[in-house]
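Numbering (the numbering used here), first residue to last: 21 to 263.
C-beta atoms are modelled at their ideal positions from N, C-alpha and C, and glycine is treated no differently.
The structure under discussion appears below in the form of structure tokens.
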């Protein structure tokens with residue numbers, strides 16, 4: 021007889037285990053799945069390219085974001101982290117995959133960019149509290165099971181400075197990702213490759229933040245300097261200032 025629940029963390033781990041180990045990219049040994057994904061650098065994966073999201077570039081070009089301290093969640097091979105560092109940001113970048121992190125470190129050295137890469141789970145990584153002016157997420161949120169939005173929000177509360185920004189891209193409902201209700205994912209024990217979000221869903225999840233901008237990502241030519249695919253939804257929020 022097992023009676024193992026006495027804390028919120030225990031509940032989170034129990035809910036994690038409701039998903040089959042090989043069901044998706046979060047549960048089970050997700051780092052192994054992602055290591056395999058990033059192992060072949062020649063695969064025609066659009067976001068393997070060394071170029072930043074067009075939405076991030078737009079925020080910076082228009083002065084909606086200014087250099088400060090940034091945390092890149094689910095950084096992959098570091099394309100957005102390196103861009104931020106090139107513009108004067110002090111950047112930490114975290115990813116589950118050691119293969120992706122090693123690739124990112126190589127790219128940063130080649131670009132002469134100073135990025136501190138961390139391999140591990142962002143929710144448990146040793147990140148400085150109240151340190152970051154920007155948390156950037158290109159494709160992390162939509163791979164989390166619903167209950168881990170609580171962990172995501174808790175992470176923001178811990179690391180983002182008052183008045184700091186959250187910028188994210190995720191699967192857009194009607195274009196990419198699963199539109200099943202949250203409870204159905206637990207009945208099926210899988211995430212179907214990732215969760216789709218509507219603008220209203222993001223507004224509700226981050227309802228205590230100020231929406232700065234929300235739109236579909238603009239498609240970019242394969243040979244252009246920026247990454248952009250229209251099945252992604254881009255959002256920029258500002259955390260309230262203290263008081």
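Can you tell me which of 62, 219, 77 puts its alpha carbon nearest to the alpha carbon of residue 240?
77
Go ahead and label residue 28 buried or exposed: buried means 16 or more other beta carbons lie within 10 angstroms of its beta carbon, across all protein chains shown.
exposed
Between 101, 157, 148, 153, which has its C-alpha nearest residue 133's C-alpha?
101
Terminal residues of the continuous alpha helix (DSSP H) containing residue 74?
74 to 81
Quick one: which unbroken beta strand (DSSP E) runs of 3-plus residues sit fully inside the stretch 158 to 219? Chain order, please.
180 to 191
Helix or strand or just coil, what does DSSP make of residue 122?
helix
Can you find a CB in chain C that lies within less than 8 angstroms of the CB of residue 226?
Reference to chain C is not applicable here, since this structure consists of a single protein chain.
What number of angstroms, rounded off, separates the C-alpha of residue 98 from the C-alpha of residue 245?
15 angstroms
Closest Cα partner of residue 122 within the set 110, 109, 136, 111
136
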